[in-house]
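Per our numbering, the very first residue in the sequence shown carries number 5; after that it's consecutive.
What follows is one structure encoded as structure tokens, with my remarks underneath.
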Amino acid sequence: MSDATPILHMLSPQKHMSPFDVNMAADAGYKVIVPYINVTQEEVTGLVQDAIFSRPPEYGANTGVFVGGKDAILALDFLEAARKALVPPFQLSVLADPAGSFTTAAAMVACVERALKFKFGRDWKGTKVAVFGATGVVGFASSIIAALEGADVQLVAHRGLDRVVKSAQVSKERFGVDLQAVAGETDAQKAEIIANAEVIFAAAAAGVQVLSKQHLASANKLLVVADVNAVPPAGVEGMDLFMDGTPLPDSNVLGVGPLAIGDIKYKTESGLFKQMIGSKEPLSLDFRHAFTLARQLVA
Ligand SMILES: NC(=O)c1ccc[n+]([C@@H]2O[C@H](COP(=O)([O-])OP(=O)(O)OC[C@H]3O[C@@H](n4cnc5c(N)ncnc54)[C@H](OP(=O)(O)O)[C@@H]3O)[C@@H](O)[C@H]2O)c1
Numbered sequence: 005m006s007d008a009t010p011i012l013h014m015l016s017p018q019k020h021m022s023p024f025d026v027n028m029a030a031d032a033g034y035k036v037i038v039p040y041i042n043v044t045q046e047e048v049t050g051l052v053q054d055a056i057f058s059r060p061p062e063y064g065a066n067t068g069v070f071v072g073g074k075d076a077i078l079a080l081d082f083l084e085a086a087r088k089a090l091v092p093p094f095q096l097s098v099l100a101d102p103a104g105s106f107t108t109a110a111a112m113v114a115c116v117e118r119a120l121k122f123k124f125g126r127d128w129k130g131t132k133v134a135v136f137g138a139t140g141v142v143g144f145a146s147s148i149i150a151a152l153e154g155a156d157v158q159l160v161a162h163r164g165l166d167r168v169v170k171s172a173q174v175s176k177e178r179f180g181v182d183l184q185a186v187a188g189e190t191d192a193q194k195a196e197i198i199a200n201a202e203v204i205f206a207a208a209a210a211g212v213q214v215l216s217k218q219h220l221a222s223a224n225k226l227l228v229v230a231d232v233n234a235v236p237p238a239g240v241e242g243m244d245l246f247m248d249g250t251p252l253p254d255s256n257v258l259g260v261g262p263l264a265i266g267d268i269k270y271k272t273e274s275g276l277f278k279q280m281i282g283s284k285e286p287l288s289l290d291f292r293h294a295f296t297l298a299r300q301l302v303a
């Protein structure tokens, strides 16, 4: 690490920069943190170039840009715009983690992977995954991470297929993965999806129970279910907050709860900030890098 002061410019397309992410950045070691709100994609180039040209090139790796917000695609577009704005040797590091979703998704997939590996001797190749809350940022990122590892992923629509189909198209265009959009609005549709799933990611909105005990009764092949919702009621009935690869009550299905995931999420986000501060080379980090780190953290 150089003796340059670590500075982080935090960009949000929304009205607020997340206090959670500001705290995480400070605790990871950034000494100067500046939030920018209501940022548009067109403004990213100017902001990044303003930041790089004010410091000598060897300070570049100690200058960071964080992309927040609540939209995964927009965050990836900001990240790309920031990367393209660099003028070597004047550079900086960039991390995208909108609404904490990339690090949360990475943590969830890594925790489930550990349970699959150690309890069932399985990996993601050909594993059938159903994602509830698929239009959300956590659902989106976790679908792509699992699909990139070879899982056979279904995006479950809870109110109309259109947006889920669009999500699958975007994922194909950007990441080359084939995700299947399925309707999961009625109990009968849910039962069929659950009956075929080996892994379920419950990533619906806070305080929404997407899977009841009754739904899970149709889970003939289900090995592991993960739930990121920490706000009662649990996203999956019977899920304990700290569950980490132990069976759900009266079931053989293993549960991974929101605070087990949250612990790895926290360490992953902190670790990515520390990688940026400690790196000699400028970094560009998204959910794929988050997953690499989360995997190491759960090992
Ligand atoms: N444990 C952790 O460390 C951690 C960290 C961050 C977030 N989280 C949690 O992760 C979850 C997802 O967060 P997010 O930021 O991705 O949320 P989000 O972007 O608001 O997405 C929420 C998803 O839930 C769906 N949904 C809403 N009501 C539903 C219902 N009644 N039935 C089925 N699906 C429903 C939404 O569908 P529509 O698009 O149709 O509305 C959307 O797909 C939340 O519970 C959040 O609290 C956990």
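Note that the Cβ used here is the ideal one computed from N, Cα and C, for glycine as well.
Remember, it's a predicted structure, so these values are computed and weren't measured experimentally.
| query | result |
| --- | --- |
| Pair within 9 Å by beta-carbon distance, VAL69 and LEU51 | yes |
| Nonlocal neighbours in the same chain, by C-beta distance under 6 Å from GLY154, ignoring five residues either side | TRP128, LYS129 |
| Residue(s) in a DSSP beta bridge with LYS132 | ASP156 |
| Buried/exposed call for GLN218, threshold 16 Cβ in 10 Å | exposed |
| Cβ of LEU287 within 9 Å of any chain C Cβ | Among the chains of the structure shown, chain C does not appear; only one protein chain is present. |
| Selection from PRO10, ASN66, ALA86, GLU117 that minimises the alpha carbon distance to ARG299 | GLU117 |
| DSSP state of PRO23 mapped onto helix, strand, coil | helix |
| Inter-residue Cα distance where the pair is VAL48 and PRO237 | 39 Å |
| Length of the line joining the Cα atoms of THR9 and GLY33 | 10 Å |
| Helix, strand or coil at ILE41 [DSSP, three-state] | coil |
| According to DSSP, residues forming a beta bridge with GLY259 | VAL229, THR250 |
| ALA238: CB within 8 Å of a non-hydrogen atom of ligand 1 | no |
| VAL71 beta carbon near ligand 1 (any heavy atom closer than 8 Å) | no |
| Burial state of ASP231 (16 or more Cβ within 10 Å) | buried |
| Through-space distance from ALA185 to ARG167, alpha-carbon basis | 9 Å |
| Distance between LYS269 and VAL257 (C-alpha atoms, nearest Å) | 23 Å |
| PHE94 CB to nearest heavy atom of ligand 1 below 8 Å | no |
| Alpha helix (DSSP H) runs contained entirely in the region 158-192, provided each spans 4 or more residues | 166-179 |
| Proximity to VAL141 [Cα-Cα], best of VAL133, VAL181, ASP75, ALA100 | ASP75 |
| Sheet register partners of VAL98 (DSSP bridge) | VAL69, SER288 |
| Under 9 Å between C-beta atoms of PHE291 and PHE106 | yes |
| Where the beta strand (DSSP E) through MET14 begins and ends | 11-15 |
| Identity of the residue in VAL43, PRO92, LEU99 nearest MET28 by Cα | LEU99 |
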